[in-house]
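Asker: Residue 1268 is where the sequence shown starts when you use this note's numbering, and the numbers rise one by one after that.
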Amino acid sequence: MKTVTLTMAQALLQFLNNQYIEIDGTEHKMFKGVMGIFGHGNVTGLGQALEQYKDEITFIQGKNEQGMAHAAIAYAKQKNRLEMFACTSSIGPGALNMVTAAGVATVNRIPLLLLPGDVFASRQPDPVLQQVEYPLDYTVTANDAFKPVSKYWDRINRPEQLMTAALQAMRVLADPAETGAVTLCLPQDVQCEAYDYPAEFLAKRVHHIDRKPAAASAVARAAELIRGKKRPLIVCGGGVHYSLATEELRQFAEAFRIPVTETQAGKSAISWQHPLSFGGVGVTGTLAANRLAAEADLIIGVGTRMSDFSTASKTAFSREGVEFLNINVSGLDAYKLDGTYVTADAREALQAIAAELKAQGYASAYSPEELSDWKREWDGEVDRLYSIERADGLAQTRVLGEINGFLGERDVIVCAAGSLPGDLHRVWRTTQPKTYHMEYGFSCMGYEVAGAFGIKLAEPDREVYALVGDGSYLMLHSELVTSLQEGRKITIVLFDNHGFQCIHNLQRGHGSGSFGNEFRSRSEETAQLSGDYMPIDFAAHARSLGAKSYSARTVEELRDALEKAKGEQVTTLIDIKVLPGTNTDGYESWWHVGVAEVSEMDGVKRSYEELQAKLSTVPKW
């Protein structure tokens, strides 16, 4: 057997550099490169290997471990999970900074390979700098914190263990049903240890994504269920994008006149202009979609996890006797809501079920006029929201209307948290797939800037806009510097509404006052955070990092800033002052949040009573 003597870290990089994914006859190089921040736990091991192979493997220097991992997630998501970056960190705090990103990847079903440094496997020396000592079990390190948020976890305590662990990692990363964060913990001494690795372990390896067909019996059950329904409704999830099934979804809807609604991950699968497109559904859904959902006798979920937001905490689909058909490559998601399940690739399942229904001559009972009226009503509401005039400042929906009208059809927006996702889900108009990039599985504040950088790496020929609130920007914006370093221009559109206004609205909407959610100075009179708004110049902050920046407080200034930002060659930030509380809300939706059962506040008492009344109507399963 031919062998190659390499350190474990060198062998790992050689292995990663030779992994490929194949789908529909096209091969994709699996790893674009490695993002990392070096410390004593990885610089002499994986860092040395990266330097040795610098002409073969791209290395991107992160500025925050969580941020760089967010960028890697966004890259993989934009590439439909077919290409990715690995992320390396030192031990202790550097590693733990990636735990949040691991949660983002796993919840959203996005492949992410994490390579945190670990303590010495030899336990000499011991304890090392930044080591967490757990007296009950000395095999536990800080990296055990990755276990609950990883789809595969391993620790390489001997260099030869890499071979088994690496193959298991690829098994998960390349599996559409099981993918998520994979964590391979790398003890810092083992990274540097040499081993005679078999040449075949380091050779090119292709991981085939064989589209999982729908079983004939499942297709028959699905077709029979649909055939007996008059008012079915499609809920399109992110799995439609990952299955490359946007065209099949459109054809399915048109063939049987079934209206289409979207989750945050599914949005942009169908153009807003299509007569069967009714936008977001659920808590952040459109009025038309939520009314269709309430009247539907069958919900056809395609590639969706059916989260509480998509289902309005299980109240969106309220018709007596409504049933669910779940089409999903993941059995976990296919079985949700006690539905009829088709565990299969979305594209394969839609084609198979469509053939069965066409043979049976099926069509829904919706009339074109009825659907057209509902769509026209909602489009008019969006036009109204886009044109709101306020004498005291800019309304958030007006700003979104201006941006939406300015951007090109291929431009990509990214968002994750705050009040913006709700507004974007309702009112943002997309015509092209993959132009709406929302991380809403974890809704992780701080994803936006890093995510935009990751998208720009994936789509360098597109303009990428990070739509971010001031609270989320303050939490994590460090990869702005990385975008400058790498020459990948992104545009950061910052909505400054003086704090965490989304949760502020939720707080006040459930009977509480204004407490702890706005960025105000501490009042000398009350000793509370109730003084003046903090005066933060975000444009100046961006300039201090090397970016270009503009400020906008009027529609005219916003239009001018957008035009100038588009012409810039480096990352640019637009600081927009928007009025708090000017986001959208309601549209016949509901979200289940806990309310204090006892309180001295009358508003909270009323909110609790309303909650109990609502819960009496919610399904218990």
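A virtual CB, placed ideally from N, CA and C, is assigned to each residue, including glycine.
Note that the structure is predicted; figures quoted are calculated from it, not measured.
Please state if the CB of G1300 and the CB of N1309 are separated by a distance shorter than 9 angstroms.
Answerer: no
Asker: Helix, strand or coil: which one does DSSP assign to L1453?
Answerer: Strand at L1453.
Asker: If we ignore side chains and look at the alpha-carbon of each, how far apart do I1501 and A1809 end up?
Answerer: A direct Cα-to-Cα measurement between I1501 and A1809 gives close to 42 angstroms.
Asker: Pick from G1568, S1710 and A1828: whose alpha carbon is nearest that of E1669?
Answerer: A1828
Asker: Do you know how far the Cα of K1723 is from the Cα of N1364?
Answerer: 23 angstroms
Asker: Go through the stretch 1793-1861 residue by residue and report every complete run of the beta strand (DSSP E) that reaches 3 residues or more, in order.
Answerer: 1815-1819 and 1839-1844
Asker: For P1426, does the count of other Cβ atoms within 10 angstroms reach 16, so buried, or fall short, so exposed?
Answerer: buried
Asker: Going by C-alpha to C-alpha distance, which of N1784, E1867, G1853 and S1883 sits closest to P1847?
Answerer: N1784
Asker: Give, in chain order, every unbroken run of the beta strand (DSSP E) that is at least 3 residues long and sits entirely within the stretch 1599-1684.
Answerer: 1607-1610 and 1679-1682
Asker: For L1882, count neighbouring Cβ atoms within 10 angstroms of its own Cβ and tell me buried if that reaches 16, exposed if not.
Answerer: Classification of L1882: exposed, given that the 10 Å Cβ count is below 16.
Asker: Residues in its own chain within less than 7 angstroms of I1324 by CB, not counting five upstream and five downstream?
Answerer: L1280, N1284, G1300, V1301 and L1317
Asker: May I ask which residues mark the beginning and end of the alpha helix (DSSP H) holding D1690?
Answerer: L1687 to V1694
Asker: Measuring only the C-alpha atoms, how far is G1359 from D1393?
Answerer: 14 angstroms
Asker: Could you work out which residue in E1445, T1446, E1644 and A1489 is closest to L1554 when comparing CA atoms only?
Answerer: E1644
Asker: Since H1777 and V1694 should fall inside the 8 angstroms C-beta cutoff, what is the C-beta to C-beta distance between them, to a whole number of angstroms?
Answerer: Going by Cβ atoms, the distance from H1777 to V1694 rounds to 24 angstroms, so no, they are not a contact pair.
Asker: Quick one: using the 10 Å Cβ neighbour count with 16 as the cut-off for buried, is R1677 buried or exposed?
Answerer: exposed
Asker: Which residues does DSSP pair with I1567 in a beta bridge?
Answerer: I1501 and L1592
Asker: Would you tell me roughly how many angstroms separate the C-alpha atoms of N1347 and H1508, rounded to the nearest one?
Answerer: 7 angstroms
Asker: Near E1515, which residues of its chain fall below 7 angstroms by C-beta distance, leaving aside the five closest residues on each side in sequence?
Answerer: R1614, L1617 and Q1618
Asker: Quick check: the Cα distance between V1865 and T1849, rounded to an integer number of angstroms?
Answerer: In a straight line, the C-alpha of V1865 is about 31 angstroms away from that of T1849.
Asker: Consult DSSP for V1527 and reduce its assignment to one of helix, strand or coil.
Answerer: strand
Asker: Grab me the residues of N1568's own chain with a C-beta within less than 6 angstroms of its C-beta, minus the 5 sequence neighbours each way, in chain order.
Answerer: A small fix is needed here, since residue 1568 is Gly in this sequence, not Asn. Same-chain partners within the cutoff: V1502 and N1593.
Asker: Would you kindly check if the distance between the Cβ of R1572 and the Cβ of K1603 is under 9 angstroms?
Answerer: yes
Asker: G1552 to Q1774, Cα distance in whole Å?
Answerer: For G1552 and Q1774, the distance between alpha carbons rounds to 20 angstroms.
Asker: On the premise that S1585 lies in contact with G1549, defined as a C-beta separation below 8 angstroms, what is that separation, rounded to the nearest angstrom?
Answerer: Their Cβ separation, rounded to whole angstroms, is 12 angstroms, which puts G1549 and S1585 out of contact at 8 angstroms.
Asker: Name the two residues that bound the continuous beta strand (DSSP E) containing I1377.
Answerer: Taken as a continuous stretch (DSSP letters only), I1377 belongs to no beta strand (DSSP E), as it is neither H nor E.
Asker: Fully enclosed by the stretch 1400-1436, which beta strand (DSSP E) runs are 3 residues long or longer?
Answerer: 1419-1422
Asker: Report, in whole angstroms, the separation of the C-beta atoms of S1408 and V1386, which I expect to be a contact under 8 angstroms.
Answerer: Looking at the sequence provided, one finds Thr at residue 1408 rather than Ser. The Cβ separation is near 5 angstroms, so the contact holds.
Asker: Measuring only the C-alpha atoms, how far is Q1345 from K1701?
Answerer: 7 angstroms
Asker: Have a look at the DSSP bridge pairing and note the partners of R1787.
Answerer: Y1800
Asker: Taking 9 angstroms as the cut-off, decide whether the C-beta atoms of A1807 and I1759 are in contact.
Answerer: no
Asker: Report yes or no: do three or more beta-carbon pairs, one from the stretch 1524-1535 and one from the stretch 1679-1697, lie closer than 8 angstroms?
Answerer: Contact between the stretch 1524-1535 and the stretch 1679-1697 is present, because at least three Cβ pairs lie under 8 angstroms.
Asker: Can you look up P1360 in the DSSP assignment and give me helix, strand or coil?
Answerer: In the three-state reduction of the DSSP assignment, P1360 falls in the helix class.
Asker: Which residue spans inside the stretch 1275-1312 form an unbroken beta strand (DSSP E) run of at least 3?
Answerer: Those beta strand (DSSP E) runs which fall completely within the stretch 1275-1312 and span 3+ residues are 1286-1290, 1293-1296 and 1298-1303.
Asker: Would you call the stretch 1707-1716 and the stretch 1788-1799 touching, i.e. three or more CB-CB distances under 8 angstroms?
Answerer: no
Asker: Do T1274 and Q1315 come within 9 angstroms of each other at the CB atom, strictly closer than that value?
Answerer: yes
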